[in-house]
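Protein chains: 2
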Amino acid sequence: MTETIPSILAPLKHDITEVNRILSGTYTGGTGYMEKIFREVLGEGKRIRAGLVILVARMFKRPLKEFYGLAGAVELLHAASLIHDDVVDGSGIRRGYESTHAKWSVEIAVLAGDFLFAEAVRMIADLRKPQLLGMATGAISAICAGEIEELMGEHAFMSRDEYFRNIEAKTATLFGTAVQMSGLLARAECQQIERLKEFGYAFGIAFQIMDDVLDLVGDERHTGKPVGSDLASGVVTLPVILYLENGGASSYLDAVLNGERTPEHIRHAIDDIRSSCAIRAAIAEARGYTNRAMEALAGLPECRECQILYNLAGCIIDPCN
Amino acid sequence: MTETIPSILAPLKHDITEVNRILSGTYTGGTGYMEKIFREVLGEGKRIRAGLVILVARMFKRPLKEFYGLAGAVELLHAASLIHDDVVDGSGIRRGYESTHAKWSVEIAVLAGDFLFAEAVRMIADLRKPQLLGMATGAISAICAGEIEELMGEHAFMSRDEYFRNIEAKTATLFGTAVQMSGLLARAECQQIERLKEFGYAFGIAFQIMDDVLDLVGDERHTGKPVGSDLASGVVTLPVILYLENGGASSYLDAVLNGERTPEHIRHAIDDIRSSCAIRAAIAEARGYTNRAMEALAGLPECRECQILYNLAGCIIDPCN
C-alpha cells in the first residue's frame, strides 16, 4: 500500500486535534464574522508544518504543551501567507474553496492575513523565547523581500534560478524555520538545529516542486484546484522551465506564455509538456531535494519520529500523493 | 505665535534623527527596490508616535537607546497599517504622494506592509520584554478584527457609534498602545501606565477627528491630500454625521452618499457642510477628547515632558494645524 501524508501523520492524530483546538480558538466568539472567514481557511489542511513541529518535540522527548502553541503559530503564519499570496498571485481557488480575496474581497483578505499574523506572533511571544521571534520575523521579512524583488524585477519569463528563489521564499523558508524553531524550543544542540533547518528547507523545496508538478498532472479532486491553474494565472513552474530548457517547442505553450490563456490553449500546452520528459525531470529534481532532506536527518537521535520524517520526505515525491 | 506639532516636538529633534536612522536601516542595501518603495513611505511624517514614546522615556529619565528601537517599531507598525489601510480604503493619495498600492500595485502594498510588520515585531522582540509583544499584537488583532467587522457589516451609512469604533481601530488603539508600551519599558507604575494609555487613546481619537475635519476644511498643501478625499472615496466622517444628525439637508450630500461622487457634487456638499455648524460641533467633540487626554496626565511626574504632551494635545484641535 502506498503511504500518504495523512497515513504517515496518523500517529500524531491526538496532537493535531490539540493544535486544531488552538487554531479555532483564534476566531470563535464575537459576532461570528471572523468564524465565517476563517473556518475554511484554518479548518482544512494536512497540518504538515504542525506535524513537523510535533515530531521534533517528540524526538527530543519534551512535554508537548508549548509545542502545540508553536505548531499552531506556524500553521497561522502559513495560513496568513496563503491568504496574502493568493492576493499577490490573483489565485481564485485554494484547497478546493474560493480563496479569501475571491470569496470576500481583497480588503478582507489583507486584514484577515494581518490578523492571523498578529495572532501567530502573540502565540510565539507567549513561549518566552525571544530567539524564536527573531527566527520567525527574519523568515517573514526574507519571504516578503524576496517576493517584492520578484515582482519589481522586469522579466518576461522566469528562469530556473528565479524559480528556485521564488519557491524558497514561498515555501521552503517557512518549513525550514518551523523545524528550526521547534529544535530551539526542544533545546536541541546547535548542530542538530542546523540539521533540522536543512531538513525542513530541502523538504520544502521538494514539496513545492511536487505541488507544481501536480498542478499539471494531478487530479482536481485530490489537489483541490483545476489542472493547469498555475499556467492559467501566468505562473511559470519547473516543469515548464525544464520543457523549454530541453528544447521543447509547443506553439500552444508559446501562446499561453504570451498571454493567450484560453482553456483550450492551456489544455494543449499541458498535453505537450506531459508527453515530453519534463515532468519526469522535475520529479528527479524533487528527488534530489528529498535525498538532501533525508541526509540531513543523520546526526539526529535515531528514533521512531526520525523514521516518520524520513518517510514523509520519501512520500512527497510520489506523484500519487 | 500658534504652536504647531513640529514646533512642539522640536526639542526631540536629535532623538527623531536617531529613530529615522533606524527606519532607513530597514530598507537600505540590497538591489535598491526596497528603498524605492519605502523611502517615501518611511521618509516622511511628523513622527508623532515616535515623539510620544520618547517623551515617556524622558519623563521617567530612562536611557534612550532602547526607546529609539520601540519608537522605530511603532512608526513601522503605523506605516504598515497605512499601507494596508490604503488598500482597504482604496485611497490613492497619502501625505501628498501616491499611496503604495496606487504607485506600485496592490501586490507590492500587501507584501510591503507585511515586511514592515515583521520588522516592527523583530525590533520589539529585541527589547526582550514579552509583555510588549502581547500589547502590540493585541492591538493589531483588535484593529484588524474591528475593521473586518466594519467591512462585513451591512450598512448603508455609518452611525456615530460606528464612526467612533472605526477611528478607535484606525488610530486611537495604536496611539494608546505606543505610550502604554513606552510606559512599561520605562518601568512606570501600573497606574501610570494606565494613565498613559488613556492619554494616548483620547489623544488619538481627537487627532483622527481633526484629521477628518481637515479633510473638509484644510489646505491641500498642508494636508497632502485633496479637499473632500474622504467623501470622494465614500468614507463618512464625524462632520457629515453631525450635519445629518442636526437636520442638515443637502441634496448634493444626499447624491454623494448615494454614490454620485462627481467633483462638483462633492464641492457643493462640502460647501453645505461648511456653512452649517457641523464643523464646529466636530471640533467640540475633539476638544472633549483632548480634555480627557490632558486630565489623564495628572498623576504622572510633573516635568517638562508632561508639559509637552499637554501642549501637543492642545495643539491638535487648532484647525490651523
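Sequence order for the protein chains is P and V. First residue of the first sequence? That's 0 in numbering that gives the first Met the number 0, and the numbers climb one at a time after it. First residue of the second sequence? That's 0 in numbering that gives the first Met the number 0, and the numbers climb one at a time after it. From the three backbone atoms N, C-alpha and C, an ideal C-beta is built for every residue, glycine too. Since this is a predicted model, take the numbers as computed values, not measurements.
Annotated three-state conformation of E97(V) is strand, per DSSP.
A Cβ-Cβ contact shorter than 9 Å links R164(P) with E149(P).
Contacts between T136(P) and chain V, judged by CB atoms closer than 8 Å, involve A117, E118, V120, R121 and A124 in chain order.
In this structure F206(V) touches T170(V) by the C-beta definition: roughly 6 Å separates them, less than 8 Å.
At a Cβ-Cβ threshold of 9 Å, T236(P) and D271(P) do not count as neighbours. By the C-beta density criterion, S228(V) is buried, having at least 16 other C-beta atoms within 10 angstroms. If you check each beta-carbon in the stretch 17-50 of chain V against every beta-carbon of chain P, the ones closer than 8 Å belong to G29, T30, Y32, M33, K35 and I36. Under the three-state reduction of DSSP, M134(P) is assigned to helix. The DSSP-derived three-state label of V55(V) is helix. For V87(V), a Cβ of chain P is located within less than 9 Å of the residue's own Cβ. One finds V109, L110 and D113 in chain P with Cβ atoms closer than 8 Å to the Cβ of H83(V), taken in chain order. Residues E304 of the same chain have their beta carbon placed closer than 6 Å to that of R57(V), with the five preceding and five following residues left out of the count.
Rounded to whole angstroms, A280(V) and I269(V) show a C-alpha spacing of 15 Å.
Per DSSP, K64(P) is one residue of the alpha helix (DSSP H) stretching across K64 to D88.
Taking the Cα of R46(P) as reference, the smallest distance to any Cα among F59(P), E118(P), A9(P) and Y32(P) is reached at A9(P).
The CB of S140(P) comes closer than 8 Å to the CB of F114, A117, E118 and R121 in chain V, given here in chain order. Listed along chain V, no residue sits closer than 7 Å to A283(P) by beta-carbon distance, the nearest being about 32 Å off. Boundaries of the alpha helix (DSSP H) around G182(P): T172 to L184. With respect to V55(V), V86(V) sits apart: the two C-beta atoms are not nearer than 9 Å. Neighbourhood of P129(V) in chain P, by CB distance below 8 Å: A124, D125, R127 and P129, in chain order.
Within 10 angstroms of the beta-carbon of T99(V) lie 16 or more other beta-carbons, which makes it buried. Under the Cβ criterion of 9 Å, V234(P) is not counted among the residues facing chain V.
According to the DSSP assignment, Y26(V) belongs to no alpha helix (DSSP H), since it is labelled neither H nor E. Interface residue (Cβ-Cβ distance to chain V less than 9 Å): M157(P) is not classified as such. DSSP places E34(V) in the uninterrupted alpha helix (DSSP H) bounded by Y32 to G42.
For M151(P), the closest Cβ of chain V is nearer than 9 Å. The way I'd put it, the stretch 56-70 of chain V does touch the stretch 11-22 of chain V; three or more beta-carbon pairs between them come closer than 8 Å. Under the Cβ criterion of 9 Å, G175(V) is not counted among the residues facing chain P.
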